[in-house]
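Each remark here refers to the structure printed beneath this line.
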Ligand code: GAL
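Numbering (the working numbering), first residue to last: 2 to 434.
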């Protein structure tokens with residue numbers, strides 16, 4: 002069924018035909034990292050064959066986290082069907098640590114007031130309920146929120162995390178290494194990767210560097226399972242300009258990742274940042290006054306299509322019905338968790354109207370008809386023109402209406418509301434080359 006000329010095959014062909022990078026004049030430190038790439042096989046922990054799914058504490062709570070919150074979140078995720086929908090990682094972000102200030106002056110320990118039973122107890126609790134526990138640190142003396150980091154203690158910390166039963170590490174260099182040269186960022190990312198790989202416990206590895214230093218070009222070979230490809234998300238669909246010259250709204254993030262599809266694949270993913278679905282302007286941490294249910298649905302669908310990790314950022318305990326319905330759409334989750342791991346690319350654009358597409362392992366193609374404009378518009382997708390597949394007849398499955406349409410032997414046209422993305426899965430019925 003699958004034609005070599007389909008959408009993601011074209012992306013990969015582009016990657017293969019890319020000219021080899023010029024060899025720049027490297028500094029001594031650069032040579033060290035480059036020699037790793039040249040002489041060693043790529044590092045791999047064998048994890049995250051599909052993008053990690055779960056919850057992270059940062060977007061809603063910032064560093065205002067505690068054992069009680071985590072236990073309630075785990076219980077609520079199980080009770081509301083989120084674990085069974087695939088959301089198994091429960092990730093502590095910054096703020097679990099006991100001390101603020103430099104690692105030179107303080108050890109890295111869990112805050113005994115916030116986490117009276119310690120992190121191992123919490124990991125045991127998560128595991129008993131069918132979840133995995135994630136934790137946060139960074140390569141600096143301090144983290145972004147000013148807590149003690151891992152600098153100079155990488156192996157010791159990796160060992161400590163493994164002994165606690167940690168399953169995922171977000172290792173955040175955004176602040177401590179913001180202005181560091183790429184080779185230095187590579188050095189610290191690699192150092193923690195090797196420390197994690199030395200543990201007998203498999204630990205998924207997120208190298209968070211805010212999309213700087215072209216991290217998508219080199220992180221996968223260093224054993225990184227996902228890397229942020231942009232700065233922090235804000236709770237906005239389309240805030241005018243770059244909020245505070247830093248925050249990316251949903252459309253900014255999408256644009257930032259538009260050319261990165263070729264870097265994603267099983268085990269290594271572009272991370273478009275944690276989800277804002279359900280925050281509704283009530284985040285204690287993020288800027289932004291929230292988005293509509295339609296916009297949150299568009300955001301979720303597109304994150305699924307670009308193969309971003311799906312890490313919920315809202316308070317699960319108070320999640321409203323619309324947000325829960327959005328987050329548990331199995332047909333949309335299946336796009337993200339597809340075995341082929343093809344990330345969507347933009348295949349056509351006409352002003353505010355964009356068509357994004359990705360090929361699934363079974364040869365079907367998922368299409369997002371995205372209307373970024375202010376008015377409802379008719380949008381069309383033509384398999385032959387936009388997806389370059391030799392299909393003469395096809396059927397269409399609407400993944401939000403859960404409805405089959407067709408068969409069609411002409412381009413498919415439908416109305417798309419302002420800020421909506423219609424998510425359609427197209428299956429070939431008759432193929433002529
Ligand atoms: C930022 C990062 C956020 C969050 C925060 C914690 O650098 O982008 O996602 O982890 O640090 O302080």
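Glycine residues also receive a C-beta, built at the ideal position from the N, C-alpha and C atoms.
Just so we're clear, the structure is a prediction, and the values are computed from it rather than from any experiment.
Proximal residues to residue i (C-beta, below 7 Å), its chain only, five neighbours per side dropped
i, result
"residue 321", "279"
"residue 134", "91, 123, 124, 127, 166, 167 and 168"
"residue 284", "60, 61 and 236"
"residue 309", "52, 270, 271, 272 and 273"
"residue 162", "136, 170 and 204"
"residue 25", "Below a pLDDT of 50, predicted positions are generally treated as unreliable, and residue 25, at 40, falls in that range; no measurement from the model is reported."
"residue 323", "294"
"residue 57", "92, 94, 275, 312 and 314"
"residue 194", "44, 206, 223, 224 and 225"
"residue 422", "299, 302, 303, 369, 370 and 371"
"residue 232", "211, 212, 247, 248 and 249"
"residue 253", "243"
"residue 259", "347"
Range of the contiguous beta strand (DSSP E) that encloses residue i
i, result
"residue 88", "Segment: none, residue 88 is in no beta strand (DSSP E) and carries neither H nor E."
"residue 413", "413-417"
"residue 234", "That residue, residue 234, is in no beta strand (DSSP E); it is neither H nor E in DSSP."
"residue 138", "133-138"
"residue 54", "54-57"
"residue 312", "311-313"
"residue 431", "422-432"
"residue 393", "392-399"
"residue 195", "Not the beta strand (DSSP E): residue 195 falls in the alpha helix (DSSP H), residues 183-198."
"residue 382", "378-382"
Chain-order list of residues whose beta-carbon lies under 6 Å from that of residue i (same chain, five-residue window excluded)
i, result
"residue 67", "115"
"residue 380", "354, 370 and 417"
"residue 431", "393 and 394"
"residue 382", "356, 368 and 413"
"residue 54", "87, 88 and 311"
"residue 375", "419"
"residue 15", "In this prediction, residue 15 scores a pLDDT of 41, lower than 50, which makes its location untrustworthy; the coordinate-derived value is nonetheless stated afterwards. Answer for residue 15: no residue qualifies."
"residue 326", "none"
"residue 267", "50 and 342"
"residue 290", "282"
Boundaries (first-last residue) of the alpha helix (DSSP H) holding residue i
i, result
"residue 126", "119-129"
"residue 300", "294-306"
"residue 114", "Premise fails: residue 114 is in no alpha helix (DSSP H) and is neither H nor E."
"residue 477", "The structure shown does not extend to residue 477, since the chain is modelled only from 2 to 434, so the question has no answer here."
"residue 74", "68-80"
"residue 343", "Careful: residue 343 lies outside any alpha helix (DSSP H) and carries neither H nor E."
"residue 323", "322-328"
"residue 251", "251-257"
"residue 360", "That residue, residue 360, is in no alpha helix (DSSP H); its beta strand (DSSP E) goes 354-360."
"residue 369", "Element bounds for residue 369: not the alpha helix (DSSP H) but the beta strand (DSSP E), 366-372."
Option nearest residue i by Cα separation, candidates the options
i, options, result
"residue 213", "201, 185, 164 and 158", "185"
"residue 299", "218, 277, 314 and 316", "277"
"residue 339", "55, 354, 319 and 360", "360"
"residue 1", "384, 402, 413 and 403", "Residue numbering for the chain in the displayed model covers 2 to 434; residue 1 lies beyond these limits and cannot be assessed."
"residue 192", "220, 365 and 315", "220"
"residue 117", "239, 138, 228 and 69", "69"
"residue 355", "256, 390 and 332", "256"
"residue 377", "413, 420, 229 and 267", "420"
"residue 46", "230, 201, 319 and 65", "201"
"residue 174", "197, 160 and 144", "144"
"residue 350", "388, 197 and 428", "388"
"residue 64", "331, 97, 73 and 316", "97"
"residue 373", "240, 336 and 337", "240"
"residue 199", "425, 334, 286 and 164", "164"
"residue 307", "251, 73, 110 and 112", "251"
"residue 429", "119, 399 and 365", "365"
"residue 176", "267, 337 and 150", "150"
"residue 337", "119, 73, 292 and 424", "424"
Nonlocal neighbours in the same chain, by C-beta distance under 8 Å from residue i, ignoring five residues either side
i, result
"residue 178", "140, 141, 185, 186, 189 and 210"
"residue 245", "288"
"residue 362", "339, 340 and 341"
"residue 147", "101 and 102"
"residue 30", "Legend: pLDDT at residue 30 = 45, less than 50; position of this residue unreliable, value from coordinates given subsequently. So the list reads 182, 184, 185 and 188, once near-sequence residues are dropped."
"residue 84", "78, 130, 131 and 132"
"residue 352", "374"
"residue 33", "Summary for residue 33: the model assigns pLDDT 46, below 50, so the residue's position carries little reliability; its value from the coordinates is reported in the next sentence. Contacts found: 184 and 188."
Interface flag, residue i vs chain C, CB-CB below 9 Å
i, result
"residue 180", "This model lacks chain C altogether, as it is built from one protein chain only."
Three-pair Cβ contact test at 8 Å for the segment 67-78 versus the segment 103-110: no
Can you confirm whether the segment 377-396 touches the segment 405-424 when touching is taken to mean that 3 or more C-beta pairs between the two stretches lie within less than 8 Å? yes
Inter-stretch contact at 8 Å, needing at least 3 Cβ pairs: the segment 152-163 / the segment 207-224: no
Between the segment 258-267 and the segment 338-358, do at least 3 Cβ pairs fall closer than 8 Å? yes
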